[in-house]
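Under the numbering used here, the residues of the sequence shown are numbered -3 to 458, in order.
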Amino acid sequence: MSAEREHFSSKLGFILAAAGSAVGIGNLVGFPVAAAKNGGGAFLFIYAMFVILICLPVMMAEMSFGRHTNKDPLGAYNSISNNDKKWKLAGLLGVLTPFMIAVFYMVITVWIFGYLYNAVTGNLAALADPKMFGEFITSNSLFVYMIVVVAITGVILMSGVKEGIERAAKILMPSLFVLLILLVIYVLTLDNAFSGVAFYLVPDFSKINGSVINAALSQAFFSLSLGMGILVTYGSYISKKQDIADSSKLVALTDTGVAFIAGLMIMPAIFSFNPMVEPDKLNESSINLIFVLLPKIFLSLQMDIGYFGASAIASLFFLLVFFAAITSLVSIIEVPNAAVMDGMKVSRKKSLTYLAILMVFLTVLTSMSFGMSDTLTGLTHYAGASKSLFDVIYDVFYDTILPLNGLLICLFVISRWKMINFKKELDEGLEKGKHGFLLRYSEIALKTYIPMILALVFLNTV
Ligand code: PHE
């Protein structure tokens, strides 16, 4: 297999694909909940600062690392470091992380698809039943939903970078945006909606403390799909003519914009359902919010807009989340896929087949760790609780390893690849003389305090 490396067809195609990766469940529910709990406008401000000051430079480093080497993360570390063993470990971690997070994300996507199916078929009352979620995640119907999700993801990935990933993003991202705007408009017409908006936006700086700052950075890092090798891999599919700084800005802006707008959908919905929400009681986890609280809210809409109206709103919402989840899932599976294709020199089809088998196996195990199997449910105990396989993946990879991967990329750029080569890569595709402020800032920040901050975050979660 020495076929030429595939590429995105245009700058827009790449930006939509990268934004498709970035916009996910984290934006639609994780961000609004985090902002509402942690000081509203004050959190938004800190979050935006982190996106600009820390995440954008890391994003540019990942993309240029990928484009320069034309490789997946493992191949990229290997090729610049000349197969240095130490850096090979970083590369392996750069491929293992997305693989494990993909399993975790697949489980959630399967649930979302199941809820979408139930909403479309008018089962709102069942979805809103407090016992529903617990029963649903241990039910056999999950396997059917899993087959559908694997099939959709598989078809997109099998079709390749341009015909699959890019084309899906070109359809799903605009649709997602339209759905989101429609839902925001509708939600803002509900009673008491504007107290939700106020709660979301009015800054409360007294809430800001060390752990809120940490949460804002982790949320920004996760939301922009950093530390997962995705932007390294997607970066290897863009042309030298593309301006990396400019593309990074657009991706970050889209991602942050969608997160911000999602807050205008979620918070008013919660407040119109329960005007008595007290800020401190808003202790929803994202999972609880999507699968328990929101279905209750949808059911309550029946009184105003009837059974069909309420089912339609619920269906649009789950469709929105499903679109967001699919484009993220595709991007994260593409990383180990590229690594297998590059490393083992096999075709896309073969590589995806191997991965599908492995992932389905792990997804089933992870799903079963919710009670279908006792052994898997109480697998480990730490932090004073019994943890399922799902929790373990979340705690280890998602929470701890992401900042570590970001840190490793920074250290690699500084010590092995060297700033001068990084700069050269960024200069490609720049219009002449347009070495703007962002580039100059990023070069300084990446070799000074960004690695220090990422190291602190990593040590803090360990
Ligand atoms: N950025 C995504 C989100 O906010 C996270 C993600 C991307 C997760 C890709 C998995 C794969 O939900």
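Idealized CB from N, CA, C, for every residue including glycine.
{"Asked": "The segment 36 to 55 contacting the segment 248 to 268, beta-carbon criterion three pairs below 8 Å", "Found": "yes"}
{"Asked": "Pick from L351, L407, Y303 that is closest to T117, judged by C-alpha positions", "Found": "Y303"}
{"Asked": "Reduced DSSP category for K430 - H, G, I as helix; E, B as strand; rest coil", "Found": "coil"}
{"Asked": "F173 Cβ short of 7 Å to the ligand PHE heavy atom set", "Found": "no"}
{"Asked": "Proximity to L134 [Cα-Cα], best of L422, T362, G432, S17", "Found": "For the record, residue 134 in the displayed sequence is Thr; it is not Leu. For T134, the nearest C-alpha among the options comes from T362."}
{"Asked": "First through last residue of the alpha helix (DSSP H) which encompasses I446", "Found": "445 to 457"}
{"Asked": "Buried versus exposed call for K345 [16 or more other C-beta atoms within 10 Å across all chains shown]", "Found": "exposed"}
{"Asked": "Sub-8 Å separation of L227 and M96 beta-carbons", "Found": "no"}
{"Asked": "Through-space distance from F27 to D300, alpha-carbon basis", "Found": "28 Å"}
{"Asked": "Outcome for A258 when other beta-carbon atoms lying within 10 angstroms are tallied against a minimum of 16", "Found": "buried"}
{"Asked": "Buried or exposed by the 16-neighbour rule on C-beta atoms within 10 Å, applied to V140", "Found": "exposed"}
{"Asked": "Simplified DSSP assignment, three categories, for Y233", "Found": "coil"}
{"Asked": "Contact under 8 Å by Cβ, L450 with L403", "Found": "yes"}
{"Asked": "N401 Cβ short of 7 Å to the ligand PHE heavy atom set", "Found": "no"}
{"Asked": "Rounded Cβ spacing between G339 and G62 (contact assumed at less than 8 Å)", "Found": "Not confirmed; about 15 Å, so no contact."}
{"Asked": "Assigned secondary structure, T117 (DSSP; H/G/I helix, E/B strand, else coil)", "Found": "coil"}
{"Asked": "Any non-hydrogen atom of the ligand PHE within 7 Å of A18 CB", "Found": "yes"}
{"Asked": "Meets three-Cβ-pair contact criterion under 8 Å: the segment 79 to 94 and the segment 387 to 406", "Found": "yes"}
{"Asked": "Alpha helix (DSSP H) segment containing I262, residue limits", "Found": "240 to 269"}
{"Asked": "Alpha-carbon to alpha-carbon, S296 and G473", "Found": "No statement about residue 473 is possible, as the shown extent of the chain runs from -3 to 458 and does not include it."}
{"Asked": "The ligand PHE heavy atom lying under 7 Å from the CB of V219", "Found": "The amino acid at residue 219 is misidentified as Val; the sequence shows Ser. It does: the Cβ of S219 is within 7 Å (strictly closer) of some heavy atom of the ligand PHE."}
{"Asked": "Whole-angstrom distance between S191 and S17, CA atom to CA atom", "Found": "32 Å"}
{"Asked": "Per-residue DSSP class, three states only, for A194", "Found": "helix"}
{"Asked": "C-beta atoms of Y350 and V336 nearer than 8 Å", "Found": "yes"}
{"Asked": "Rounded distance between the beta-carbons of F386 and F100, thought under 8 Å", "Found": "7 Å"}
{"Asked": "Of the listed residues S438, K81, V193, nearest to P271 (C-alpha basis)", "Found": "V193"}
{"Asked": "Buried versus exposed, by CB contacts within 10 Å (16 or more), P69", "Found": "buried"}
{"Asked": "Own chain partners of L168 with C-beta closer than 6 Å, once the 5 adjacent residues on each side are dropped", "Found": "F319, T323"}
{"Asked": "N23 Cβ short of 7 Å to the ligand PHE heavy atom set", "Found": "yes"}
{"Asked": "Three-state secondary structure assigned by DSSP to G20", "Found": "coil"}
{"Asked": "Where T396 falls: helix, strand or coil (DSSP)", "Found": "helix"}
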